[in-house]
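J.:
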Amino acid sequence: MIDVDGLTVARGGVTVFEDVSLTVEEGEFVALVGPNGAGKTTLLQAINGVLTPGSGIVRVDGRPIGDCSARDRGRLVATVPQDTHVGFDFSVEDIVAMGRTPYHTRFGRTDREADNRAVRRALERTDTARFADRPVDEVSGGERQRVLLARALAQDTPALLLDEPTASLDVNHQVETLSLVSDLAASGKAALAAIHDLDLAARFCDRIVLLADGRVLANGSPAAVLDATSLGAAFDADAAVTTHPTTGTPSVTALGERRDRDLTVHVVGTGRTAARVIARLHDAGATVTAGPLPEGDLAAETARARGLETVTAPAFGSLDRGVRDRVARLREEAAVLVAADPPRADGIAGLLDAHIPVVTVDGAGGPDAGAQRQTASARPETTTRVASPAHVLEAVVTVAPERELPADD
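So that you can map any letter, position 282 of the sequence shown is 282 in the UniProt record's numbering, and since no number is skipped, the others follow by simple counting.
Rendered as structure tokens:
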């Protein structure tokens, strides 16, 4: 449906990208991601014919876009721009109706009823019908973004381009908008969207094209493209990629510059609380080990994404001797042990009975939180603090034994 072959575009004598090729098939929703300045918007403008490339060709539905008239291009490609400013006080419905312009002749409309049906359908699908009579300059930025999406839907084209379609939207409307685009693709459109949020791109798109340094660095499924190596090369930053516990799609967390600390911490626990603890301590520069963690648990995914030494075990069942020995070794090498919502008191009690400081993290609380406090406080030989994941570093630093400094010669 959308076929970009060997496209090169320069602006102001500077090459934005060179020899870029990609396709978006009918029924496919593809995300275009990359750092600021990578050329995502420029590529969309070349596809819809606003910019003329220096070389290469763009075809939509088999037709070279550069050979099409403005009216024909408007029947092939609809675009939702990033800039939502509209310099007129037309009503919302009037703006949406402008999407029907490619189907009009110089003498007026050719099918008034078809226009009205398309506009009504677009208003309803984007939840903008309720303020259709309001001037477009009186609605919020997020509402205006949805109005422009409605205009593109009214245009009724086989290809749909979107430039940061969720930039001005709240969380609920971000999900609704991308879900709508996904449904449109499933109904037969070819949709290509520049998306800033990598997690949303992974959740809703069939494929991701990673654009950086003037070329396509990666092109494939979200799981194939969103890996630490590709993201590091594109964004010049470290990132941890885990599996989102609810959607099952890749989730990307940018890692700040780590300041190494002379502090080793061993973490036991499960779920979101343990995952947050592991991320917080590692990103703060501590040496972190973890386990036993249930196989497939979010905490285990988080630890592995950061390359940490991790011991896993089946979610249900007793810990075998090998697991216990590995955990015991890691515990002995640690200065502090952190217990974050342990999965079962009987399987973890022996680990808490350590002659090193123990920090228990209750997370959101719950029935096990009191038991954790009681278990830890019952061991007077260990220094214990109860902390939330957000404050675990402070608690660990507080209880960590001071290292002896070498004597001066």
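Note that the Cβ used here is the ideal one computed from N, Cα and C, for glycine as well. Keep in mind it's a predicted model, so treat the numbers as computed, not measured.
What is the rounded straight-line gap between the Cα of residue 371 and the Cα of residue 390?
T.: For residue 371, the pLDDT reaches just 38, beneath the cut-off of 50, and the residue's location in the model is therefore unreliable, leaving the point undetermined.
J.: Any idea if residue 247 is buried or exposed, counting beta-carbon neighbours within 10 angstroms, 16 or more meaning buried?
T.: Label assigned to residue 247: exposed.
J.: Tell me the DSSP secondary structure of residue 388 in three-state form.
T.: coil
J.: By Cβ distance, which residues of its chain are closer than 6 Å to residue 129, with the 5 residues on each side in sequence left out?
T.: 123
J.: Within the region 241-294, note down every full alpha helix (DSSP H) run reaching 4 residues or more, in order along the chain.
T.: Scanning the region 241-294 for uninterrupted alpha helix (DSSP H) segments of 4 residues or longer gives 271-283, listed from N- to C-terminal end.
J.: Which runs of the beta strand (DSSP E) spanning at least 3 residues fall entirely within the region 145-229, listed in chain order?
T.: 159-163, 190-194, 207-212, 215-220
J.: Tell me which residue opens and which closes the alpha helix (DSSP H) that residue 331 is part of.
T.: 321-333
J.: Name the DSSP bridge partner or partners of residue 64?
T.: Beta-bridge partners assigned by DSSP to residue 64: 59.
J.: So, helix, strand or coil for residue 237, using DSSP?
T.: coil
J.: Quick check: what's the CA-CA separation for residue 118 versus residue 41?
T.: 27 Å
J.: Since residue 316 sits in a beta bridge, which residues does DSSP pair it with?
T.: DSSP, once it has assigned bridges, lists no residue as partnering residue 316.
J.: Which whole runs of the beta strand (DSSP E) in the region 67-114 are 3 residues long or more, in chain order?
T.: 77-80
J.: Looking at the unbroken beta strand (DSSP E) that takes in residue 18, where does it start and where does it end?
T.: 14-24
J.: Determine the DSSP secondary structure at residue 300, reduced to helix, strand or coil.
T.: helix
J.: Any chance the region 59-68 sits against the region 170-179, with 3 or more Cβ pairs inside 8 Å?
T.: no
J.: Just mark residue 295 as buried or exposed, buried being the case when its beta carbon has 16 or more other beta carbons within 10 Å.
T.: When all chains shown are included, residue 295 counts as exposed.
J.: Quick one, which of 90, 164, 153, 166 has its alpha-carbon nearest residue 132's?
T.: 90
J.: Express the C-alpha separation of residue 302 and residue 252 in angstroms, rounding to a whole number.
T.: 11 Å
J.: Please name the residue in 20, 14, 10 whose C-alpha comes closest to that of residue 218.
T.: Ranking 20, 14, 10 by Cα distance to residue 218 puts 20 first.
J.: Expressed to the nearest angstrom, what Euclidean distance is found between the alpha-carbon atoms of residue 250 and residue 112?
T.: 46 Å
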